[in-house]
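Student: Chains as they are written, first to last, in my numbering: chain A, 380 to 687; chain B, 308 to 662; chain C, 1389 to 1795.
Backbone N, C-alpha and C define an ideal beta-carbon position, used for all residues, glycine too.
Structure below; questions to follow.
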Amino acid sequence: MNDDRVVLRVQELRKHYGEVHAVDGISFDVPRSSVFTMLGPNGAGKTTTLEILEGVREPDGGTLELFGRRLARVDRTTKQRMGVLLQEGNFEEYLRVREVIDLFASFFERARPAEEILELVALSDKKRAYVKNLSGGQKQRLALGAALVNDPELVFLDEPTTGLDPQARRNIWSITDDLRAAEKTIILTTHYMEEAETLSDLVCIMDHGKIIASGSPRELTLGLGQEAMIEFGAEGLAEETIAQLRGCCKAMRQAGDQLTVETEDLVPTMGAVLQWAERNEIALRNMVVRQPNLEDVFLSLTGRRLRE
Amino acid sequence: MRAFPALCGAELRLLLRDRAQLFFTLIFPLLFILIFGFLMADVGEVSARLGVYVSPEANGDLLVSVVEESGARSVQMFDLPALLRHAVEAQDVDFGMEWDGTTLRSSYHANRVTENATYQQIAQAVASTLELRRQELDPVLVSERYDESERQEIRWFNIMVPGIIAFSILSAGLFAVSGHVAAMKERGTLTRLLVTPMPAVALLAAIAVVRTGVVFVSTLITLFIAWGAFGLYFSVNWIQYVVFVIGSTLGMMGLGTVIVLVVRRASSAANVANILAMVMLFLSGVYFPLEFLPPALRALSQALPLRHMAEAMRYATGVHDMSVTHFWVTTLALAALGLLLLPVLAAYVVRGERR
Amino acid sequence: MSGTLGVARTHLVTALRERVTLFWFLVFPVFLLVLLSAVFGRIGEQGGVQFEITVIDLDRGQPREFSDLVLGLFSEMAAPPQEGGEPLFLLTLPPADADPVRFLDEERRQLQRGGRAAVVVIPDGFSRAVTARLGGLASGTGDAADDAAKLRIHYSQGTVASEMAAAIIEQMLAGVDREILRRFGALDEERAIRTETTWVGGGDAETSYIDFLLPGIILMGFFTNGLFGIPGSILFARDRRVLRRYWVTPLGVPRYLLGLSIGHLALCALQFGLIFGIGRFALGASVSFRSPAAVAFLALAAATFTALGFLIASLARTGHAGMAIANVLNMPLMFLSGLFFPIAGLPAALVAIIRANPLTYLGEGLRAAVGVEAGTTSTLLLVGVPLLWIAVSSAIAVRKLRWDVAR
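Here it is as structure tokens:
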């Protein structure tokens, strides 16, 4: 059964460590030329799932189909067509940038010219620099270059922008866009909700080893059935005062001085909130009206935030 | 200052848990002693296992009596020259002598280059004495030795042990700074400690105290093992010994400070210290006597602290003589080196790491 | 370039770029080679060791010929030799106006402190005593009735230099004694003993120290390279998660290991070239490593220490632990191998280590292969023990070596 449109099919995948079910029976398809994101808090099972897909770990149960081939575990042949950017890893400090790319190129049967790769990740002018003299962002770009050296059909990006400054993050995003434009399939894991929303075609949200929701970012947020969220800060509110607000909207949550009101109908709810504030002489601070996002989706499904 | 005892406790625990460091401070010197005790126990000693063949027409008694007086450790008789030479080759005996009444043939193992000179001396002495006896002559002049050392019998190993102790002190002091403090700086542990009201000097003093204490214990263990396993006896002047251990540990911490100031990168400091220590070890009269060094290197060794530390340690353990002044000057110079550099080290500890 | 060669090249290049590695694997063996040959190669040679001695003549009597003879001999030994180098003795004589007895006391104090190796004293009446002895011999009344004339050698027992100087001086004086007897006619030259020297276990002359030392230093270089370099590479790459990046590519562990080994052997070849070059062209070694047997032992040695390195890497949890294990093994194995120090006459425990130590066999085999030693151990053992080590180390390493840190 070779469905060319699906690069990766996972069914009932399982992995446990003793009593702990790190991956507890998950299933998903990754279509060709899409960006597929696994979202979830730390410990959700994203990294373990990724490790199984990268060939670092063996699953305890379920099936794995990559490039149309049923596999017990990811093997050398499959790895020829994959590129992996690990969450944690280093290069030999005393190698030059160009030498790193050449080294990794030597691991594959076919590889792109090093100059092209360096151009792709904007490290051409650093090609003679030693790894030990690179900044964090440059090292990450080098790692990305090494992951793309074999012109892979399927690219794994595990937390690609964690710990990077905003500029570096945007660099990585732009490279990811280029990859997508070149019709690569990308599997991304992140705990940055903003990243998931911006880059993904498909998102699956994981928690405690299971997939609790999946779909495009838009589908998922629309699924909440909210039109908007109104957020603001207000100090020293008494219980009864807050209770007054509950009646006027669909749902409300409070975190310290921060209140979030969810509504299906923005305009009337907005009016009600402003009247409530005026009536009780409350000073509203930092009021924001926004669309629901994946954070809200996760919260509604689990009662917890993505980043605890 | 409550910080000080607490720091000492923490430093001590850290050191005891760092098995690699503990190994080098405690076990390594012992390993050295044990191995070298056996290997080098006979260096400089005129003591050999001799093999002898006397052909039937010769008078064996004369040769044997001369040989027995020669100071050879043991004499083994062989029935055939071939057997004797085989024994020399197999190193069952150290060299051999064959006597046929007119010719004395000595055989040596070609590869025992460092010891053959000694054996040849013995052979020559035997030959001279044999010649006189054979012609029933008594010597016209003899030489008598007078031992000025006022000590009981000492072997090269006696001299080596204080040298090894001096080296373990050098390592401990040097790596306390170039290894330990430098690593703390690189890992950022230092910064965390220093944003508290604790003064840098308290930390350094704690490190100095703990490391001096531990190295002191290790030197005692070394002396004990040398005594227990090899029957070596040292007449230790305890006051001098204790003051010297303290002073020289401080001095070596000072040397470590110089290294970290020059080298900048903390991880390289440990490597540089290691290299320096190794080079010094070979050029300071610890492994082999200084007299064996070519004059140029012998002159260079005057500049090496380990040479003077070894000499001072030999004095404090009653193995060697020097003027009391010389000893105290050495000890105080080392202590001064450490104490003067202490504020410099404190400054280094406090300033930010340059990226 | 295939993955294997890529890994090999990386290993070689990074080792050469790290200054520390460069020092320990290249500079240090050369340093040891030069130093040890300078030190131990000179013992027993003319112009080798030099001793500071003092000779004090207290003889007031007449005739003085024998005292002068002794003095003259020492002066001769203190004169610069004709072929250059240094004289055996650095001689101090009492200044003309000094009180000899007080001078003697000062010198004895110097001796105690290591400022002198020996102090020779020609006592008052020495020359006369010798004359009397000779007279006794001539008249046949020599019944050892007159004691021999005595010379005093003051030395410091336990100080190696002093012991050596005293022994040398004793011998010199025994030679003087013989010479006097000969001149006097008491010693019958015709009946004199002839002495000969033979060498066993090597060529037909004493092996030069540098020829003895060079194979040992080369092996030591391979040894430390394998013991520290291989675990260092693997473990630190593993700890720093460098290896992890390799495992998500098709490279695979076997190719990595092969590449690492090739890179390591290239380093060994470099080491060999450097050490041999200096030994041959700067220090005058004459051994040649061109024979097939020599090449075979060199290769066997490199392979043995590579396997040993893998063994250590498999036993250590972190890079630092690996280095610690290497350090524990380094000294004992190196010194209990006969490479640098004689290993005759040692207690059983140490002999056991020596017999189990692959370096012992490789050292003997290599020396035999370059013609420095015709050893007594069978070829089977010389080759078999290292091979056994390779087999056992590899077996253990293959099972126990972890390729990634725990996640």
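With a CB to CB cut of under 6 Å and the five nearest residues on each side skipped, what residues in its chain are close to A:D403?
Tutor: Within the first sequence, the letter at position 24 stands for residue 403 of chain A. Same-chain partners within the cutoff: G588 and K589.
Student: Quickly, what does DSSP pair B:S413 with across the bridge? List them, please.
Tutor: Locating residue 413 of chain B in the second sequence gives position 106, counting from the first residue. According to DSSP, which records beta bridges pairwise, B:S413 is partnered with B:M404 and C:T1585.
Student: Using a Cβ distance threshold of 8 Å, determine whether the segment 1583 to 1599 of chain C contacts the segment 1754 to 1763 of chain C, with at least three qualifying pairs required.
Tutor: Judged by Cβ distances under 8 Å, the segment 1583 to 1599 of chain C makes contact with the segment 1754 to 1763 of chain C, as three or more pairs qualify.
Student: Can you find a CB in chain F that lies within less than 9 Å of the CB of B:A576?
Tutor: In the structure shown, chain F cannot be found, because the protein chains are A, B and C.
Student: Give the list of continuous alpha helix (DSSP H) stretches no shorter than 4 residues that lie fully inside the segment 1595 to 1681 of chain C.
Tutor: Listed in chain order, the complete alpha helix (DSSP H) runs (minimum 4 residues) inside the segment 1595 to 1681 of chain C are 1597 to 1612, 1618 to 1627, 1630 to 1635 and 1641 to 1665.
Student: Just grab the DSSP bridge partners of B:H615 for me.
Tutor: In the second sequence, counting from the first residue as 1, residue 615 of chain B sits at position 308. Note: B:H615 sits in no beta bridge, so no partner.
Student: According to DSSP, is C:T1692 helix, strand or coil?
Tutor: Your numbering for residue 1692 of chain C matches position 304 in the third sequence. Reduced to three states, the DSSP call for C:T1692 is helix.
Student: Using beta carbons (cut-off 9 Å, strictly below), is B:R662 in contact with chain C?
Tutor: Position 355 of the second sequence, counted from the first residue, corresponds to residue 662 of chain B. At B:R662 the pLDDT is 39, less than 50, meaning the model places this residue with poor confidence and gives no usable figure here.
Student: Cutting at 7 Å between CB atoms, please list the residues of its own chain near B:P469, excluding the five before and the five after it.
Tutor: Here residue 469 of chain B is taken as the residue at index 162 of the second sequence, counted from 1. These residues qualify, in order along the chain: A617, M620, R621, T624 and V626.
Student: If you draw a straight line from the C-alpha of C:H1708 to the C-alpha of C:V1507, how long is it?
Tutor: In the third sequence, counting from the first residue as 1, residue 1708 of chain C sits at position 320. In the third sequence, counting from the first residue as 1, residue 1507 of chain C sits at position 119. Using only the alpha carbons, I get a separation of about 53 Å.
Student: State whether the segment 489 to 505 of chain B contacts the segment 573 to 590 of chain B, with contact taken as three or more CB pairs (one from each stretch) at a distance under 8 Å.
Tutor: Flag = yes, the segment 489 to 505 of chain B and the segment 573 to 590 of chain B touch.
Student: Quick check: the Cα distance between B:L568 and B:Y655, rounded to an integer number of angstroms?
Tutor: Your numbering for residue 568 of chain B matches position 261 in the second sequence. Your numbering for residue 655 of chain B matches position 348 in the second sequence. Roughly 8 Å separates the two Cα atoms.
Student: To the nearest angstrom, report how far apart C:R1626 and A:V528 are at their CA atoms.
Tutor: Working through the third sequence from its first residue, we reach residue 1626 of chain C at position 238. Working through the first sequence from its first residue, we reach residue 528 of chain A at position 149. C:R1626 and A:V528: Cα-Cα distance of roughly 22 Å.
Student: Taking Cβ-Cβ distances shorter than 8 Å, what residues in chain C pair up with A:K458?
Tutor: Counting from one through the first sequence, the residue named residue 458 of chain A turns up at place 79. The contacting residues are V1636, T1637 and P1638.
Student: Can you give me the Cβ contacts of A:I661 inside the same chain, cut-off strictly under 8 Å, excluding the 5 residues immediately before and after it?
Tutor: Counting from one through the first sequence, the residue named residue 661 of chain A turns up at place 282. Excluding residues within five positions, the ones whose Cβ falls inside 8 Å are A613, L616, T620 and W655.
Student: Quick one: complete beta strand (DSSP E) runs, 3+ long, within the segment 477 to 542 of chain A?
Tutor: Listed in chain order, they are 533 to 537.
Student: Step through the CB atoms of chain B and report whether any lies within less than 9 Å of the CB of C:I1556.
Tutor: The residue given as residue 1556 of chain C occupies position 168 in the third sequence. It does; some Cβ of chain B falls within 9 Å.
Student: In angstroms with no decimal places, state the Cα-to-Cα distance between C:H1542 and C:P1619.
Tutor: Counted from its first residue, the third sequence places residue 1542 of chain C at position 154. Counted from its first residue, the third sequence places residue 1619 of chain C at position 231. C:H1542 and C:P1619: Cα-Cα distance of roughly 54 Å.
Student: Give me the Cα-Cα distance between A:K458 and A:K394, rounded to the nearest whole angstrom.
Tutor: As a first step, residue 458 of chain A must be located in the first sequence, where it is residue number 79. As a first step, residue 394 of chain A must be located in the first sequence, where it is residue number 15. When rounded, the distance between both Cα atoms is 21 Å.
Student: Closest by CA to C:L1446, which one among C:G1751, C:L1602 and C:A1484?
Tutor: Taking the third sequence and counting its residues from 1, the one referred to as residue 1446 of chain C is at position 58. For the residues C:G1751, C:L1602 and C:A1484, the minimum Cα distance to C:L1446 belongs to C:A1484.
Student: Looking at chain B, which residues of the segment 1579 to 1599 of chain C have a Cβ within less than 7 Å of any of its Cβ atoms?
Tutor: Result list: R1579, A1580, I1581, R1582, T1583, E1584, T1585, T1586, W1587, V1588, G1589, G1590, G1591, E1594, T1595 and Y1597.
Student: With a 10 Å radius around its C-beta and 16 neighbouring C-beta atoms as the bar for buried, classify A:Q517 as buried or exposed.
Tutor: In the first sequence, counting from the first residue as 1, residue 517 of chain A sits at position 138. Flag for A:Q517 reads buried.
Student: Among residues of its own chain, excluding the 5 on either side of C:F1491, which ones have a beta-carbon nearer than 7 Å to its beta-carbon?
Tutor: Residue mapping note: residue 1491 of chain C aligns to position 103 of the third sequence, counting from 1. Correct list, in chain order: I1444 and P1482.
Student: Should C:V1588 go down as buried or exposed, given a rule of 16 or more other Cβ atoms within 10 Å for buried?
Tutor: Counted from its first residue, the third sequence places residue 1588 of chain C at position 200. When all chains shown are included, C:V1588 counts as buried.
Student: Using the C-alpha atoms, what's the distance from A:P531 back to A:E538?
Tutor: Taking the first residue of the first sequence as 1, we reach residue 538 of chain A at position 159. Taking the first residue of the first sequence as 1, we reach residue 531 of chain A at position 152. When rounded, the distance between both Cα atoms is 19 Å.
Student: Going by DSSP, what residues sit across from C:K1538 in a beta bridge?
Tutor: What you label residue 1538 of chain C is simply residue 150 of the third sequence in a count that begins at 1. Answer is B:V449, bridged to C:K1538.
Student: So A:L645 and A:P420 are supposed to be a Cβ contact under 8 Å. How far apart are they, rounded?
Tutor: Sequence index remark: in the first sequence, residue 645 of chain A carries index 266 (1-based). Sequence index remark: in the first sequence, residue 420 of chain A carries index 41 (1-based). With 8 Å as the limit, A:L645 and A:P420 do not qualify as a contact, their Cβ atoms being about 29 Å apart.
Student: DSSP puts B:L393 in a beta bridge; with which residues?
Tutor: Taking the second sequence and counting its residues from 1, one reaches residue 393 of chain B at position 86. It should be pointed out that residue 393 of chain B corresponds to His in this sequence rather than to Leu. Answer is none; B:H393 lacks a bridge partner.
Student: Alpha carbon to alpha carbon, how far is C:R1643 from C:S1782?
Tutor: Your numbering for residue 1643 of chain C matches position 255 in the third sequence. Your numbering for residue 1782 of chain C matches position 394 in the third sequence. Those two C-alpha atoms are separated by around 15 Å.
Student: Whole angstroms is fine: what's the gap from A:L482's alpha carbon to A:W552's?
Tutor: Translated into positions along the first sequence, residue 482 of chain A becomes position 103. Translated into positions along the first sequence, residue 552 of chain A becomes position 173. Going from the Cα of A:L482 to the Cα of A:W552 covers about 25 Å.
Student: Leaving out five residues before and five after C:A1505 in sequence, what residues of the same chain have Cβ atoms less than 7 Å from its Cβ?
Tutor: Along the third sequence, one-based indexing puts residue 1505 of chain C at 117. Within the same chain, C:A1505 has close Cβ partners F1439, E1440, I1441, A1549, S1550 and A1553.
Student: How big is the Cα-Cα spacing for B:R661 and A:V476?
Tutor: Within the second sequence, the letter at position 354 stands for residue 661 of chain B. Within the first sequence, the letter at position 97 stands for residue 476 of chain A. With a pLDDT of 46 at B:R661, under the threshold of 50, the modelled position of that residue is not reliable, and the figure given next carries that caveat. Near 24 Å, if we compare the C-alpha coordinates of A:V476 and B:R661.
Student: So is B:H487 in contact with chain C if we call contact Cβ pairs under 9 Å?
Tutor: Counting from 1 along the second sequence, the entry for residue 487 of chain B is found at position 180. It does not; no Cβ of chain C falls within 9 Å.
Student: DSSP three-state label for C:V1793, please.
Tutor: What you label residue 1793 of chain C is simply residue 405 of the third sequence in a count that begins at 1. Correct three-state label for C:V1793: coil.
Student: Let's see if you can read the secondary structure: which residues bound the beta strand (DSSP E) around B:T503?
Tutor: Here residue 503 of chain B refers to the residue found at position 196 of the second sequence. Premise fails: B:T503 is in no beta strand (DSSP E) and is neither H nor E.
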